[in-house]
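Chemist: Just so you know, the UniProt record's numbering puts 212 at position 212 of the sequence shown, and the rest follows in order with no gaps.
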Amino acid sequence: EVVAWTKRILEISKAGHSGTLDPQVTGVLPLGLGDGTKALGVLLLGPKEYHALGRFHSLPSKEKLENILNEFCGDIYQKPPQRSAVLRQTRVRKIFETELLEQKENLILIRVLCEAGTYIRKLIYDYGEVLGPGATMIELRRTRVSQFHENHPLVTLHQIADAFADWKESKDGSKLSAMIHPIEETLSEIKSVVVRDSAVDALCHGAQLAIPGILQISPNLKKDDLVGIYTQKGEIVALAQSLMSEDVIKENTKGYAFETKRIIMAPETYPKSWKSRSTIKENITNV
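1. In three-state terms, what does DSSP make of Ser192?
2. Using three-state DSSP, classify Val200 as helix, strand or coil.
3. Do three or more CB pairs link the region 68 to 81 to the region 148 to 156 at distances below 8 Å?
4. Kindly identify the DSSP beta-bridge partner or partners of Ala238.
5. Measure the beta-carbon distance from Arg55 to Ile76 and round it to whole angstroms, keeping in mind my assumption that it falls under 8 Å.
6. Which partner residues does Leu101 have in the DSSP bridge list?
7. Which residues bound the beta strand (DSSP E) around Tyr50?
8. Ser146 to Asn106, Cα distance in whole Å?
9. For Leu97, which option in Thr90, Leu123 and Gln103 has the closest C-alpha, if you only look at C-alpha atoms?
10. With DSSP collapsed to three states, give me the class of Glu139.
11. Between the alpha carbons of Glu251 and Gln216, how many angstroms are there, rounded?
12. Just reading off the beta strand (DSSP E) that Gln208 is part of, what are its end residues?
13. Does Leu101 pass the burial test, meaning 16 or more other C-beta atoms within 10 Å, or should it be called exposed?
14. From Val194 to Gln208, what distance separates their C-alpha atoms?
15. Please state the DSSP three-state secondary structure of Thr90.
16. Who does Ala15 pair with in a DSSP beta bridge?
17. Report buried or exposed for His51, applying the criterion of at least 16 other Cβ atoms within 10 angstroms of its Cβ.
18. To the nearest angstrom, how far is it from the Cα of Ile95 to the Cα of Lys171?
19. Compare the C-alpha of Asp197 against each of Ser273, Asp247, Leu157 and Thr156 and name the closest.
20. Kindly indicate the opening and closing residues of the beta strand (DSSP E) around Gln78.
21. Count the other C-beta atoms from every protein chain shown that fall within 10 angstroms of the C-beta of Ala178, then say buried if there are 16 or more, exposed otherwise.
22. Where does Tyr119 sit, in a helix, a strand or coil, going by DSSP?
23. Nearest-angstrom Cα distance between Thr269 and His205?
24. Going by DSSP in three states, Ile181 sits in which element: helix, strand or coil?
25. Quick check on Arg142: buried or exposed, where buried means 16 or more other Cβ atoms within 10 Å of its Cβ?
26. Does the count of Cβ pairs from the region 31 to 44 and the region 125 to 132 closer than 8 Å reach three?
27. Please classify Thr20 as buried or exposed, where buried requires at least 16 other C-beta atoms within 10 Å of its C-beta.
28. Check whether the region 212 to 226 and the region 57 to 70 touch, using three or more Cβ-Cβ pairs below 8 Å as the test.
29. What does Leu44 pair with, by DSSP beta-bridge criteria?
30. When you compare only the Cα positions, how much space is there between Glu11 and Pro30?
Take a look at the structure:
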C-alpha cells in the first residue's frame, strides 16, 4: 500500500520497496523510484534490525532471558507463520546480534540484528517454547535496513505529499530533493569497479566487462562478489558479478572479468565507442 500511495502522490508509474512491513509494524521502509528499483535487491544482502516488545506467559528471570537470547544467535531454523505470503518451508536464517533492552515483569523489549527474511514474531514464539509456557510478540519496529538506520531523516507519506505539492505549486523542489537519495547511496555497502568512459555504453547494452576497460577495483575482491560498476564521475552503470579475484585481474591483460547482471544506466548516456558485429561485417564487405 505504501508503494501504491507513493506512486499516486508523486505521479510516477514505477516504484518498489526493499521488503514488506506487516500490518501494525512500523519503522524503516526504503523505497525505490523509477530506475532506483533496480538497486533494491542489494539491500536484501544487508542485515535488518528490529526492536520488539514481547510478552511471556510466565515470569522468566533476567538470567534465563539473556541465556536464551544468546542461544538463538547464529544460524537458526525457521518456518514462516501461518499467516504468511510465502511458502511455509523450513529455512535457515542468521541472527547476528540480540540484546535485552528492558524487562518489566513478563514484558521484554529486545533488539535483534538479523538476516533479511527472519520472522521476529516466530523468534519470540520460539523463545517462549524453550523457556515455557509460551511468549507472544505484541509490538515490532524495524530500525535498520542495511545501511539505512532509523536515525536517517525518515519521512511519512504526508510529508512526501506536502513536498510534492510545494514543487508543483512553486517549483521549489528543495524539500523533495532532501527526501530522495541517489541510487549510488543504496550501493555503498558492496564493492565497486570504475571503468573507462569508452566501456560505459557497451555495458549499458548488456556487454560483459573485460579487463582492458577497468580502471580501478575495490581491494580484496573475490570471485563471485556482487559489485557496482561506476563511471569515473561516480555514476552507477550496472550491477555485475566478478568472474575473477582481484589478484587474477591484476595478473592478466585480457579476458572477461565481470558478468553484467543488472543494467541501471540508460543506453547512450555516454557516447558509443564500440561496434556491433553487423557493423564490423558491413565495413569488411565494403572494403
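Cβ atoms here follow ideal geometry from the backbone N, Cα and C, with glycine treated the same way.
Modeler: Working from what's here:
1. Mapped onto the sequence shown, residue 192 falls at position 192. Correct three-state label for Ser192: strand.
2. For the purposes of this step, residue 200 is taken as residue 200 along the sequence shown, with counting starting at 1. Helix at Val200.
3. Counting C-beta pairs with one atom in each stretch, the region 68 to 81 and the region 148 to 156 have fewer than three that are closer than 8 Å, which means they do not touch.
4. Counting from 1 along the sequence shown, the entry for residue 238 is found at position 238. Beta-bridge pairing links Ala238 to Ile229 and Ile263.
5. What you label residue 55 is simply residue 55 of the sequence shown in a count that begins at 1. What you label residue 76 is simply residue 76 of the sequence shown in a count that begins at 1. A Cβ-Cβ distance of about 21 Å is found for the pair Arg55 and Ile76, leaving them out of contact under the 8 Å criterion.
6. Looking up residue 101 in the sequence shown gives position 101. Its beta-bridge partners do not exist; DSSP assigns none.
7. By 1-based counting over the sequence shown, the position of residue 50 is 50. Segment Lys48 to Phe56, the beta strand (DSSP E) holding Tyr50.
8. Taking the sequence shown and counting its residues from 1, the one referred to as residue 146 is at position 146. Taking the sequence shown and counting its residues from 1, the one referred to as residue 106 is at position 106. Roughly 31 Å separates the two Cα atoms.
9. Taking the first residue of the sequence shown as 1, we reach residue 97 at position 97. A quick correction: the sequence has Glu, not Leu, at residue 97. Nearest of Thr90, Leu123 and Gln103 to Glu97, Cα basis: Leu123.
10. To locate residue 139, count along the sequence shown from 1; it is residue 139. Three-state DSSP puts Glu139 in a strand.
11. As a first step, residue 251 must be located in the sequence shown, where it is residue number 251. As a first step, residue 216 must be located in the sequence shown, where it is residue number 216. For Glu251 and Gln216, the distance between alpha carbons rounds to 14 Å.
12. What you label residue 208 is simply residue 208 of the sequence shown in a count that begins at 1. Counting along the chain, Gln208 falls outside any beta strand (DSSP E), and DSSP gives it neither H nor E.
13. Working through the sequence shown from its first residue, we reach residue 101 at position 101. So Leu101 ends up on the exposed side.
14. Sequence index remark: in the sequence shown, residue 194 carries index 194 (1-based). Sequence index remark: in the sequence shown, residue 208 carries index 208 (1-based). Approximately 14 Å between the Cα atoms of the pair.
15. By 1-based counting over the sequence shown, the position of residue 90 is 90. Coil, per DSSP.
16. Position 15 of the sequence shown, counted from the first residue, corresponds to residue 15. In DSSP, Ala15 forms a bridge with Leu33.
17. As a position in the sequence shown, residue 51 is number 51, starting the count at 1. Buried.
18. Locating residue 95 in the sequence shown gives position 95, where the first residue counts as 1. Locating residue 171 in the sequence shown gives position 171, where the first residue counts as 1. Answer to the nearest angstrom: the Cα atoms are 46 Å apart.
19. Translated into the one-based positions of the sequence shown, residue 197 becomes position 197. Distance check between Asp197 and each of Ser273, Asp247, Leu157 and Thr156 places Ser273 closest, using alpha-carbon atoms only.
20. Translated into the one-based positions of the sequence shown, residue 78 becomes position 78. Residues Gly74 to Gln78.
21. Numbered from 1 along the sequence shown, position 178 holds the residue referred to as residue 178. That one is exposed.
22. The residue labelled residue 119 in the question sits at position 119 within the sequence shown. Three-state result, Tyr119: coil.
23. The residue you call residue 269 lines up with position 269 of the sequence shown. The residue you call residue 205 lines up with position 205 of the sequence shown. One Cα belongs to Thr269, the other to His205, and the distance between them is close to 11 Å.
24. Looking up residue 181 in the sequence shown gives position 181. For the record, residue 181 in the displayed sequence is His; it is not Ile. Assignment of His181 by DSSP, reduced to helix, strand and coil, places it in the coil class.
25. Start at 1 with the first residue of the sequence shown, and residue 142 comes out as number 142. Arg142 counts as buried, since no fewer than 16 other beta carbons sit within 10 angstroms of its beta carbon.
26. No contact exists between the region 31 to 44 and the region 125 to 132.
27. Start at 1 with the first residue of the sequence shown, and residue 20 comes out as number 20. Looking at its Cβ environment, which holds fewer than 16 other Cβ atoms inside 10 Å, Thr20 is exposed.
28. Flag = no, the region 212 to 226 and the region 57 to 70 do not touch.
29. For the purposes of this step, residue 44 is identified with residue 44 of the sequence shown, where counting begins at 1. The bridge partners DSSP lists for Leu44 come to none.
30. Within the sequence shown, residue 11 is the residue found at index 11, counting from 1. Within the sequence shown, residue 30 is the residue found at index 30, counting from 1. Going by the C-alpha atoms only, they are around 18 Å apart.
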